[in-house]
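Chemist: In this text, residue positions in the sequence shown follow UniProt numbering: the first is 1, and each later residue adds one.
All C-beta atoms in this analysis are idealised placements derived from N, C-alpha and C, irrespective of residue type, glycine included.
Nothing here was measured: the structure is a model prediction, and the numbers come from that model.
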Amino acid sequence: MISSRPRNTAPPSGDVALRELVNGNTAFALDLYQRLAEKPGNLFYSPYSISLALAMTYAGARGETERQMAQTLRFGLPQAQLHPAFNMLDLNLRPPEQKPASEDEQPFQLNIANSLWGQAGFDFLPEFLDLLAENYGAGMYRVDYSEPETARQRINGWVEEQTRQKIKDLIAQGMLNPMTRLVLVNAIYFKGAWVYPFDKESTRDAPFTLLDGSRVNVPMMYLAKDLLYLRGKNYTVVRLPYRDSPMGMTIIVPDEGQFEEVERALTPQLLEEIRSNFSLAAVRLAMPKFKMETSFNLSQTLAEMGMPAAFDRSLADFSGMTGRKDLFISNVVHKAYVDVNEEGTEAAAATAVIMELKAMPMNEVELTIDRPFLFFIEDRESGTLLFAGRVVDPR
Numbered sequence: 001m002i003s004s005r006p007r008n009t010a011p012p013s014g015d016v017a018l019r020e021l022v023n024g025n026t027a028f029a030l031d032l033y034q035r036l037a038e039k040p041g042n043l044f045y046s047p048y049s050i051s052l053a054l055a056m057t058y059a060g061a062r063g064e065t066e067r068q069m070a071q072t073l074r075f076g077l078p079q080a081q082l083h084p085a086f087n088m089l090d091l092n093l094r095p096p097e098q099k100p101a102s103e104d105e106q107p108f109q110l111n112i113a114n115s116l117w118g119q120a121g122f123d124f125l126p127e128f129l130d131l132l133a134e135n136y137g138a139g140m141y142r143v144d145y146s147e148p149e150t151a152r153q154r155i156n157g158w159v160e161e162q163t164r165q166k167i168k169d170l171i172a173q174g175m176l177n178p179m180t181r182l183v184l185v186n187a188i189y190f191k192g193a194w195v196y197p198f199d200k201e202s203t204r205d206a207p208f209t210l211l212d213g214s215r216v217n218v219p220m221m222y223l224a225k226d227l228l229y230l231r232g233k234n235y236t237v238v239r240l241p242y243r244d245s246p247m248g249m250t251i252i253v254p255d256e257g258q259f260e261e262v263e264r265a266l267t268p269q270l271l272e273e274i275r276s277n278f279s280l281a282a283v284r285l286a287m288p289k290f291k292m293e294t295s296f297n298l299s300q301t302l303a304e305m306g307m308p309a310a311f312d313r314s315l316a317d318f319s320g321m322t323g324r325k326d327l328f329i330s331n332v333v334h335k336a337y338v339d340v341n342e343e344g345t346e347a348a349a350a351t352a353v354i355m356e357l358k359a360m361p362m363n364e365v366e367l368t369i370d371r372p373f374l375f376f377i378e379d380r381e382s383g384t385l386l387f388a389g390r391v392v393d394p395r
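What follows is the structure in structure tokens.
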């Protein structure tokens, strides 16, 4: 059974539902950040991608499994409103169709793709498949998990294609087996050119102080422009806009010795406070280039955050998918990639409007990001956090 329903491109979702969804997603994104940040090192993930993939799974959850998932994922809307709201948000985030000479010349690219990979011959409820087709544009691909390696290669090939070859081997060998019945995949690819590119000629090695106080040399980029800027209590924030897009990168630079304190204080309220207190300043900015690839199996993390039933063979109730309590989640795999350089940002994960302020910028400030920092790629219009991370060592 495969749904023949087209995606609903005019979902019945109002601003209130959308705001509720984005607020919940942000709260979950930062709950998850605190868990992932417990491990040392750089961090990068796409909270939006994770929420989207889990929302598709949540569509089939019932009973205690559904209740735990809603609480953990901060889904405040009932199912009948949640999925149309996700649909509306997803459609709003997509860039308008552009026809550049080639894809590479397009200054802003955002590709969000969802898919289901079901066992051939295994029946899913038509209403479950319809809901995902209408609200997530997710089609069902049939694979035979009795040949797990062939199935794995097909799914990974799809992810590679959707993320412009940036995310390879999302599903590792041995992760699928003949008992696998369904794999839900979300892939997200983002490429944004800065409104104000850094001058490549100016990039040069400069010292960066690590959390342990030792110093390393890293390629530092330089820019002097009018940017949105905020000096907070124990941190400084700057926002770099992307061309032809409402997206921007918000960089939070904790004061020396304050990194853990600022990181612990990361809440939706803090982000909202930052957004509403930005002002335009003439900023002389120095920031490191960085590139990273990360990989997580989030099953244990999500169970510990409050949704253990979904992962428990004897407790899981996904009867909204099949009409029977015969499925549970075995793995939630997430891989993410980011490359920040002079021209802009390329980011992928599976699973800028220039502000015109009437007042002239008054203050001239200098910000040298020569110590660990946090960063978010977010949509200014909805407040959606597409990507989040921290850089403690740019090398």
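1. Just how far apart, CA to CA, sit Ser146 and Val218?
2. Quick test of your reading: residue 429 and Phe375, contact by CB under 8 angstroms. State the CB separation rounded to the nearest angstrom.
3. Just curious, the beta strand (DSSP E) that Gly76 is in, first and last residue?
4. Which residue marks the beginning of the beta strand (DSSP E) containing Met247, and which one marks its end?
5. Assuming contact is defined by CB atoms lying nearer than 8 angstroms, are Lys166 and Tyr337 in contact in what I supplied?
6. Once DSSP output is grouped into helix, strand and coil, what is the label at Lys168?
7. Out of Ile50, Ser214, Arg7 and Val340, state which residue places its alpha-carbon closest to the alpha-carbon of Thr301.
8. Could you check whether Leu30 and Leu36 sit closer than 8 angstroms to each other, using their CB atoms as the reference points?
9. Using 10 angstroms around the beta-carbon of Gly41, count the other beta-carbons present and answer buried if the total reaches 16, otherwise exposed.
10. Please report the straight-line C-alpha distance between Leu261 and Ala172, rounded to a whole angstrom.
11. State the start and end residues of the unbroken alpha helix (DSSP H) segment that holds Met321.
12. Out of Leu125, Arg380 and Asn341, which one is the CA nearest neighbour of Ala220?
13. One question on the structure: do Phe190 and Ala27 come within less than 8 angstroms of each other, judged by their Cβ atoms?
14. Leaving out the 5 sequence neighbours to the left and right, which residues in its chain are closer than 7 angstroms to Gly24 when beta-carbon positions are compared?
15. What is the DSSP secondary structure of Ile188, counted as helix, strand or coil?
16. Between which residues of its own chain and Val159 is the CB-CB distance below 7 angstroms, once the five residues before and five after are set aside?
17. Are at least three pairs of beta-carbons, each pair with one atom in the region 86 to 93 and one in the region 6 to 22, less than 8 angstroms apart?
18. Looking at the strands, I want to know which residues DSSP matches up with Thr9.
19. Between Thr163 and Asn111, what straight-line distance do the alpha-carbon atoms span, to the nearest angstrom?
20. Run the CB neighbour count on Met56, radius 10 Å, all protein chains shown included, and call it buried at 16 or more, exposed below.
21. Do you know offhand how far Gln68's Cα is from Ala310's?
22. Based on the DSSP secondary-structure assignment, which residues constitute the bridge partners of Gln109?
23. With distances taken Cα to Cα, identify the nearest neighbour of residue 405 among Pro372, Trp117, Gly139 and Gly60.
24. Looking at the unbroken alpha helix (DSSP H) that takes in Thr57, where does it start and where does it end?
25. Specify whether the region 291 to 308 and the region 329 to 336 touch according to this definition: at least 3 beta carbon pairs, one from each stretch, less than 8 angstroms apart.
26. If you compare alpha carbons, which of Glu64, Val365, Gly320 and Val238 is closest to Ala282?
27. Figure out for me which residue from Asp205, Gln71 and Asp144 has the closest Cα to the Cα of residue 401.
Modeler: Per the coordinate set shown:
1. Approximately 48 angstroms between the Cα atoms of the pair.
2. Residue 429 is absent from the structure shown; the chain starts at 1 and stops at 395.
3. According to the DSSP assignment, Gly76 belongs to no beta strand (DSSP E), since it is labelled neither H nor E.
4. Looking at the DSSP string, the run of the beta strand (DSSP E) that includes Met247 is Met247 to Pro254.
5. Yes.
6. The answer is coil: DSSP assigns Lys168 none of H, G, I, E or B.
7. The candidate whose alpha carbon is nearest that of Thr301 is Ile50.
8. Not a contact, by the Cβ cut-off of 8 angstroms.
9. That one is exposed.
10. The question names Leu, but residue 261 is Glu in the sequence shown. Spanning the two alpha carbons is a distance of roughly 36 angstroms.
11. Residues Ser319 to Thr322.
12. Per the sequence presented here, residue 220 reads as Met, with Ala not at that position. Nearest of Leu125, Arg380 and Asn341 to Met220, Cα basis: Asn341.
13. Not in contact: Phe190 and Ala27 (Cβ atoms no closer than 8 angstroms).
14. Cβ within range, chain order: Arg74, Phe75 and Gly76.
15. Here Ile188 sits in strand by DSSP.
16. Correct list, in chain order: Ile167, Leu170, Val185, Ala187 and Ala350.
17. Touching, yes.
18. Thr9 is not bridged to any residue.
19. Distance between the alpha carbons of Thr163 and Asn111: 8 angstroms.
20. Classification of Met56: buried, given that the 10 Å Cβ count is 16 or more.
21. Going from the Cα of Gln68 to the Cα of Ala310 covers about 8 angstroms.
22. Per DSSP, Lys191.
23. Residue 405 falls outside the range modelled here, since the chain spans only 1 to 395, and no answer is possible.
24. From DSSP, the alpha helix (DSSP H) with Thr57 extends over Pro47 to Tyr58.
25. With a cut-off of 8 angstroms, the region 329 to 336 and the region 291 to 308 count as touching, because enough Cβ pairs lie within range.
26. Minimum Cα distance to Ala282 is reached at Val365.
27. Past the edges of the chain, shown from 1 to 395, lies residue 401, and the structure says nothing about it.
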